[in-house]
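This report concerns only the one structure given below.
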Amino acid sequence: MKILAIETSCDDTCVALLKIENCKLEISSNIVSSQVKLHAKYGGVYPSLAKREHQKNLPVVFQQAIKEAKTKKFDAIAVTVGPGLEPCLWIGVNFAKDLAKKMKLPILPINHIEAHIMANWIEPIRQIQNSKTELPFMEAKVKKRMKSSSPFQIQNLFPAVCLVVSGGHTQLILMKNIGNYKLIGETRDDAAGECFDKIARILGLGYPGGPIVAAKAAQFQIKKYIGDTYVKLPRPMMYTKDYDFSFSGLKTAVLYDFRSRPLKIRKSILRQGSGLTLSEVEASKKYIQEMCFEAQQAIIDVLIKKTIKAAKDYRVKSIILGGGVVANKELRKQFQNKIQKEIPNTKYLIPDTKYCTDNAAMVAATAYFNRKKATKNWQKIEADANLKIGK
């Protein structure tokens with residue numbers, strides 16, 4: 000079976016072709032056309048611009064995917080229908096409809112959140128493991144020594160708690176089986192990825208914020224600088240009894256702390272000052288590193304605390320991560336350590352970093368597991384920016 004998949008929910012134009020043979024998912028092609036540089040000057044995704052770029056890029060990306068896969072034949076078309084930016088979603092949906100009509104093929108409408116979860120079943124990257132094994136982001140030499148699972152290995156994984164965390168979503172989902180989901184918690188305001196972006200904007204670091212904040216945080220030498228002047232930020236809703244999140248207050252705390260700093264330091268951080276002494280330049284550099292370190296740690300602490308709480312309360316067998324923020328190395332490492340310490344018998348699933356951000360390979364994998372939902376009644380398929388997962 001061959002599935003062509005299309006993903007245009009935000010600012011990445013993605014097409015992939017997945018081949019299923021001998022109980023293995025083989026990615027024949029996985030093309031991603033990023034618009035990050037175009038949106039950087041806006042400090043975030045500009046929907047109308049993203050839509051125009053999808054219109055321009057999708058036919059080209061489609062041809063690239065077909066060329067790389069060395070085939071023009073496939074059995075079904077999968078397309079993300081939501082959630083996401085509606086103008087962007089419609090570009091992918093309409094392209095899929097036109098293609099299905101032309102080739103007389105069935106369509107599989109895919110939920111973007113479920114696709115992030117199912118990224119954990121992409122071969123050969125996916126490693127199903129418990130917390131006592133090596134970290135999934137170790138070097139390739141180490142990975143070769145690990146026993147790779149079949150993408151169809153789902154025994155003893157459920158129930159599971161899934162954390163999907165990205166620029167637009169932060170959700171905790173109880174997964175009773177593939178296709179059986181219940182939303183148990185989500186952000187009440189900003190998503191974690193959105194919080195990273197806003198913090199980066201406050202500090203004049205550019206867009207997207209997540210990778211930049213992580214890089215600056217990695218430069219901070221906590222043992223050298225920690226003391227009375229060390230920045231301390233709140234961990235919003237970390238100890239509430241529910242499974243919801245809130246990151247708007249954290250962003251505001253960063254803003255207030257930044258505004259409390261000397262004017263010369265603030266101007267230096269935003270590259271607006273001149274005539275600064277060497278000590279002032281060093282102070283601004285150290286402040287950025289310190290703030291990024293603490294902001295990142297605050298987000299990680301909340302995500303881990305809530306997920307572990309849900310895992311314990313629901314007595315799950317697995318914790319499954321997905322979404323762009325999950326590419327954060329510190330988050331991945333600390334999750335692993337915390338699971339091993341508090342619930343060591345719980346399995347830990349996490350995609351390879353290249354399958355954390357938006358891509359069509361995860362859409363294709365999701366389509367395979369939902370192949371019974373394929374329909375040729377493609378006229379009724381519509382984009383839904385607010386599409387929910389589960390009950």
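Here numbering that gives the first Met the number 0 is used: position 128 in the sequence shown is 127, and no number is missing along the way.
Note that CB positions come from ideal geometry on N, CA and C, so glycine has one too.
- Thr239 sits in coil when the DSSP states are folded into three classes, being neither helix nor strand.
- Just measuring C-alpha positions, the residue of Pro235, Arg265, Phe334 and Leu17 sitting nearest Ala64 is Leu17.
- Beta-bridge partners of Cys22 (DSSP): none assigned.
- Inclusion of Val324 and Ala214 in the CB contact set at 7 Å is not warranted, their separation being larger than that value.
- A contact is defined here as three or more CB-CB pairs under 8 Å, and the region 345-355 fails this definition with respect to the region 55-74.
- In the structure shown, the three-state DSSP call for Asp97 is helix.
- Taking Leu107 as reference, the option from Tyr229, Ile2, Lys387 and Asn336 with the minimal CA-CA separation is Ile2.
- CA-to-CA, the gap between Arg265 and Ala199 works out to about 14 Å.
- Contact between the region 170-190 and the region 239-253 is present: three or more C-beta pairs spanning the two stretches fall below 8 Å.
- Under the three-state reduction of DSSP, Ser259 is assigned to coil, being neither helix nor strand.
- Residue range Pro46 to Ala68 is occupied by the alpha helix (DSSP H) that includes Gln63.
- The closest CA to that of His115, considering only Tyr286, Thr356, Tyr45 and Gln333, is found on Thr356.
- For Lys72, DSSP assigns no beta-bridge partner whatsoever.
- Under the three-state reduction of DSSP, Ser27 is assigned to strand.
- In this structure, Thr12 sits near Asn56, with a CB-CB distance shorter than 7 Å.
- Per DSSP, Thr306 has no beta bridge partner at all.
- Taking a C-beta distance under 7 Å as the contact criterion, Ala364 and Ile121 qualify as a contact pair.
- Where Asn176 is concerned, the enclosing beta strand (DSSP E) starts and stops at Thr169 to Asn176.
- For Ile380, no alpha helix (DSSP H) encloses it, and the DSSP letter there is neither H nor E.
- When Cβ pairs closer than 8 Å are counted between the two stretches, the region 38-46 is seen to touch the region 194-209, the count reaching three or more.
- Contact between the region 76-91 and the region 280-291 is absent, with fewer than three C-beta pairs closer than 8 Å.
- Listed in chain order, the non-local C-beta contacts of Met117 below 7 Å within the same chain comprise Met361, Ala364, Thr365 and Phe368, local neighbours out to five positions each way being set aside.
- Under a 10 Å Cβ-count criterion, Val35 is classified as exposed, with fewer than 16 other Cβ atoms of the shown protein chains found around its own Cβ.
- With a cutoff of 7 Å on beta-carbon distance, Val163 and Gly43 are scored as not near each other.
- The region 157-176 makes contact with the region 307-317, as at least three CB pairs between them are under 8 Å.
- Thr365 is not bridged by DSSP to any residue.
- Counted as a single uninterrupted DSSP element, the beta strand (DSSP E) harbouring Lys181 occupies residues Asn179 to Glu185.
- Residue environment for Pro235: buried (at least 16 other C-beta atoms within 10 angstroms of its C-beta).
- In this structure, the beta-carbon distance from Phe334 to Ile298 does not fall below 7 Å.
- The residue from Ile388, Phe219, Asp383 and Arg370 with its alpha-carbon nearest to that of Ile19 is Arg370.
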